[in-house]
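In this note's numbering, the protein residues as written are 4 to 368.
Glycine residues also receive a C-beta, built at the ideal position from the N, C-alpha and C atoms.
This is the structure:
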């Protein structure tokens, strides 16, 4: 279906004219039960479509506040952990749009409007986990709102140029998209005023919050289960393969790892799924294998046995390298973003240039 048609249908649904009725976000919500802290809490998360780094952070809060109401744009049932799935989840009108889970990133222009459906009441605290619109949740007057910020809206700020590159051969659409992203940037800055306290996932994001929102923040790194991610009992001899564990999306730059290992003839195992997989498979040579998403115990086993984890993207923090390091795996990472705060020369190597040549040289060193 053409994206413009999808967006018109979605706009109708978001404004309450969809043919499939109201989303559960529009239904009156009963007063949340107090948690062990005695607080009635509302949580907000951008979307629930898989179990990635952001969802691991959310999972910790769901365990801390199991009686909280969880607001999100979209929820694919069964796509996250039991702790998250057990929550009282309230979605937005986007949930009712046919096919939205295959194309939800195309609905970025409508996400601010959809988020207006979130109206928690009778609460003592709101905690949002945001890289897109979750921090825009409307909070009753006098209720504190703490935002655990993964990054200011990626598409409107540091990811703007990459987003527009996809329209390089369509100048009219590129110009329209640029105007839209400028409006989203203004909206993102304005809704930052709804937040009482910002908490950043890394020093990199603390600096970004200061630049984009002109707000200060505290740094609390994302959680890593170091009781689960360990080197394990006994010795685990290193096998002759490199490892990538990642969502297969453009900004992760997995194409560089694939190209480097293909050119060097090094074995590479790629754990993860995403819209880039087909393109990456076309780039890959015979030494590269794609395993899809794997359960945590399988990922841990690969961390323990790989020659090194490759981490070629600039990440806001990067939970995967910390998991790998906890399992005793060396990490070869681009020396930008959160990796600078977690990887040093005693436990891995950082390289300066975000190029295939630089990654190849680091692997071959």
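Whole angstroms are fine: how far does the CA of residue 144 sit from the CA of residue 296?
42 Å
Secondary structure at residue 194, three-state DSSP: helix, strand or coil?
helix
Check residue 126 in the structure and name its three-state DSSP category.
coil
Taking DSSP as the reference, what is the three-state secondary structure of residue 344?
helix
Look at the Cβ atom of residue 326, then the Cβ atom of residue 340, and state whether they are nearer than 7 Å.
no
Extent of the continuous beta strand (DSSP E) to which residue 266 belongs
It is not in any beta strand (DSSP E) - residue 266 instead sits in the alpha helix (DSSP H) that spans 257 to 267.
Touch check for the stretch 201 to 214 and the stretch 235 to 246: three-plus C-beta pairs under 8 Å?
no
Leaving out five residues before and five after residue 104 in sequence, what residues of the same chain have Cβ atoms less than 8 Å from its Cβ?
52, 77, 79
Within 10 angstroms of its Cβ, does residue 89 collect 16 or more other Cβ (buried), or is it exposed?
exposed
By the three-class DSSP mapping on this structure, what secondary structure does residue 70 have?
coil
Given this structure, state the Cα-to-Cα distance separating residue 304 from residue 219, to the nearest angstrom.
40 Å
Can you tell which of 272, 247, 226 has its C-alpha closest to the C-alpha of residue 57?
226
Please go through the same chain and pick out, in chain order, the residues whose beta-carbon is closer than 8 Å to the beta-carbon of residue 7, but skip the five residues on each side of it.
Low confidence applies here, because residue 7 scores a pLDDT of 42, under 50, leaving its location unreliable; read the following figure in that light. Result list for residue 7: empty, nothing under 8 Å.
Residues bridged to residue 222 (per DSSP):
203
Leaving out five residues on either side along the sequence, give the residues of the same chain with a beta carbon under 7 Å from the beta carbon of residue 117.
17, 76, 95, 96, 97
Can you tell me which of the three DSSP states residue 146 falls into?
coil
Note down the Cα distance separating residue 322 from residue 335, rounded to an integer number of angstroms.
14 Å
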